[in-house]
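S.K.:
Residue numbers (my numbering): 459 to 893.
1. Kindly confirm or deny that the region 722-729 and the region 553-563 touch, where touching means at least three C-beta pairs closer than 8 Å.
2. What ranges does the alpha helix (DSSP H) occupy inside the region 666-726, keeping only unbroken runs of at least 4 residues that lie completely in it?
3. Tell me whether residue 765 sits in a helix, a strand or coil according to DSSP, three-state version.
4. Which residues in the same chain as residue 699 place their Cβ atom closer than 8 Å to its Cβ, once the five residues preceding and following it in sequence are excluded?
5. Leaving out five residues on either side along the sequence, give the residues of the same chain with a beta carbon under 8 Å from the beta carbon of residue 791.
6. Going by beta carbon distance, what residues of the same chain come within less than 6 Å of residue 851, once the five residues before and after it are set aside?
7. Please tell me whether residue 610 and residue 595 are closer than 8 Å, where the distance is taken between their beta carbons.
8. Using only CA atoms, which one of 749, 855, 544 and 520 lies nearest to residue 889?
9. Spatial neighbours of residue 821 within its chain, please: C-beta separation below 7 Å, excluding the five flanking residues on both sides.
10. On the three-pair Cβ rule with 8 Å, is the region 602-616 touching the region 736-756?
11. Closest to residue 589 by C-alpha separation, out of 875, 775, 757 and 881, would be which residue?
12. Residue 485: which of 636, 503 and 663 sits nearest, CA to CA?
13. Comparing alpha-carbon positions, which option in 707, 592 and 649 lies nearest residue 666?
14. From residue 696 to residue 493, what does the alpha carbon distance come to, in whole angstroms?
15. Which residues mark the beginning and the end of the alpha helix (DSSP H) in which residue 606 is found?
16. Leaving out the 5 sequence neighbours to the left and right, which residues in its chain are closer than 7 Å to residue 562 when beta-carbon positions are compared?
17. Using three-state DSSP, classify residue 550 as helix, strand or coil.
18. Expressed to the nearest angstrom, what Euclidean distance is found between the alpha-carbon atoms of residue 617 and residue 583?
19. On a CA-only basis, which of 780, 760 and 781 is nearest residue 795? Give me that one, please.
20. Could you give the first and the last residue of the continuous beta strand (DSSP E) run that contains residue 881?
21. Closest by CA to residue 547, which one among 518, 737, 774 and 678?
22. Closest by CA to residue 650, which one among 738, 521 and 668?
23. Could you tell me the alpha carbon to alpha carbon distance between residue 530 and residue 564, rounded to whole angstroms?
24. Are residue 586 and residue 631 touching if we call contact CB-CB under 8 Å?
25. If you compare alpha carbons, which of 560, 771 and 498 is closest to residue 528?
26. What are the boundary residues of the alpha helix (DSSP H) that residue 872 is part of?
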């Protein structure tokens, strides 16, 4: 005789087709076989699939469940073939005697719709028309289902943390915390404490125990940005954590078990750093089970005006709302090389929004360097030709300095980094020889 669970799933499929039963804590209790055809592999007692609830700022199903109300919504999902599918999701509360027992989610999928070269796709707070980025979206969805480390490589300002967060949101860990730390932002001694925690009295000022990011990310995802900036000593300690799945707080003796997925990012070539002796090869292999690459904005000009309009919509207020980008302004934006990538584009749009007037963004609203003017004299000599063998980071620095007319403050703004970080990177790549 069939057991109760088999009877339940068969009855659900006969009545609803694809369906999921959640408990009151929004964990998966049961699902019909047809569900996995729409949302991928399922597992009991894990949080409801993040992709099912939508992603980014618009998550109608997730918001409704959090508020305890029924909802019917559409959720877009990309597929491995580059097509989009709209999932119709109907969420109904399951109650008995006024007590909330859980939720029933009924799913219905539309036929796949092709995303042509000019058709935009928005997922996890990112928008694109570019085939390169659409492939990245598909890779993110595929990688998220595997509990392996991921190394995201991309230039400064390209959106590495957004991609890391997308991996988290699309994974079975989406119900857990997502924590991010920039490995270049702190000196090694403070960074060790931030990562692994410390015990009271471990150092001056350690007046109480602190858990550290690894323990705070328990059950979720920890994003290590600029992982290439870790000292060799910290690299060895990180390798031990990845191998043993335990951390030892600074000043502590006992290892503490941790269950965390690591997503790391860099704008440098770790292979080149290994050759230079500044990065451990064994750690690279541990971090880079799956490598992902974010194409720079200059390689996807079709995204420039799409993102610009998105930023303008976010900036709209009672004082100004821009409905249109003039043809001339669009041409200037699309022809710019964007050494600072999406972060620089947002900075430019904020400038134009603040400086212009009316409902149309004009050429005159854009910063002088975008218009081809030279607002300030160069303070750094930048060679016209890039040297052969220059690293990707050095090339990015040189492009930013060239676009800024050699002005370091402007170059730092373009790259979205501080002047001190720019100076350190220039020194590292031998760009301060004329000082």
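Yeah, the Cβ is synthetic: ideal placement off N, Cα and C, and Gly gets one too.
M.R.: Once the coordinates are examined:
1. At 8 Å Cβ cutoff, the stretches do not touch.
2. Entirely contained in the region 666-726, the alpha helix (DSSP H) runs reaching 4 residues are, in chain order, 670-674 and 690-702.
3. Counted from its first residue, the chain shown places residue 765 at position 307. Shown here, residue 765 sits in a helix according to DSSP, grouped into three states.
4. Sequence index remark: in the chain shown, residue 699 carries index 241 (1-based). Sequence-distant partners of residue 699 (beyond 5 residues in either direction) whose C-beta falls short of 8 Å from its own C-beta, in its chain, are 654, 672, 705 and 716.
5. What you label residue 791 is simply residue 333 of the chain shown in a count that begins at 1. Residues 762, 763, 766, 783, 803, 806, 824 and 828 of the same chain have their beta carbon placed closer than 8 Å to that of residue 791, with the five preceding and five following residues left out of the count.
6. Here residue 851 corresponds to residue number 393 of the chain shown, with the count starting at 1. 725 and 726, listed in sequence order.
7. As a first step, residue 610 is located in the chain shown; it is residue number 152 there, counting from the start. As a first step, residue 595 is located in the chain shown; it is residue number 137 there, counting from the start. In this structure, residue 610 sits away from residue 595, with a CB-CB distance that is not shorter than 8 Å.
8. Here the question's residue 889 lines up with position 431 in the chain shown. The shortest Cα separation from residue 889 among 749, 855, 544 and 520 belongs to 855.
9. In the chain shown, the residue the question calls residue 821 occupies position 363. For residue 821, where only same-chain residues beyond five positions count, the Cβ hits under 7 Å are 784, 786, 787, 790 and 829.
10. In short, these stretches touch, since the Cβ pair count reaches three.
11. Indexing the chain shown from 1 puts residue 589 at position 131. Closest option to residue 589, judged by alpha-carbon separation, among 875, 775, 757 and 881: 757.
12. On the chain shown, residue 485 is found 27 positions in, with the first residue counted as 1. Looking from the CA of residue 485, the closest CA among 636, 503 and 663 belongs to 503.
13. Sequence index remark: in the chain shown, residue 666 carries index 208 (1-based). Relative to the Cα of residue 666, the nearest Cα in the group 707, 592 and 649 belongs to 707.
14. Looking up residue 696 in the chain shown gives position 238. Looking up residue 493 in the chain shown gives position 35. Rounded to the nearest whole angstrom, the C-alpha separation of residue 696 and residue 493 is 39 Å.
15. Here the question's residue 606 lines up with position 148 in the chain shown. Neither: residue 606 is in no alpha helix (DSSP H) and is coded neither H nor E.
16. Here residue 562 refers to the residue found at position 104 when the chain shown is read from its first residue. The beta carbon of residue 562 sits closer than 7 Å to the beta carbons of 477, 479, 550 and 552 from its chain, once the five residues preceding and following it are set aside; these are given in chain order.
17. Walking along the chain shown from the start, residue 550 turns up at place 92. If DSSP states are grouped into helix, strand and coil, residue 550 belongs with the strands.
18. As a working note, residue 617 is residue 159 in the chain shown. As a working note, residue 583 is residue 125 in the chain shown. Each residue's Cα considered, the two are about 10 Å apart.
19. In the chain shown, counting from the first residue as 1, residue 795 sits at position 337. With respect to the C-alpha of residue 795, the residue from 780, 760 and 781 having the closest C-alpha is 760.
20. Counted from its first residue, the chain shown places residue 881 at position 423. Per DSSP, residue 881 belongs to no beta strand (DSSP E); it is in the alpha helix (DSSP H), 877-886.
21. The sequence position of residue 547 within the chain shown is 89, counting from 1. If we check each option's Cα against that of residue 547, 518 comes out closest.
22. Indexing the chain shown from 1 puts residue 650 at position 192. When each option's Cα is compared against that of residue 650, the closest is 668.
23. What you label residue 530 is simply residue 72 of the chain shown in a count that begins at 1. What you label residue 564 is simply residue 106 of the chain shown in a count that begins at 1. The alpha-carbon atoms of residue 530 and residue 564 are separated by roughly 9 Å.
24. Here residue 586 refers to the residue found at position 128 when the chain shown is read from its first residue. Here residue 631 refers to the residue found at position 173 when the chain shown is read from its first residue. It is not a contact, given that the beta carbons lie outside the stated cut-off.
25. As a working mapping, residue 528 is identified with position 70 in the chain shown. Minimum Cα distance to residue 528 is reached at 560.
26. Indexing the chain shown from 1 puts residue 872 at position 414. From DSSP, the alpha helix (DSSP H) with residue 872 extends over 866-873.
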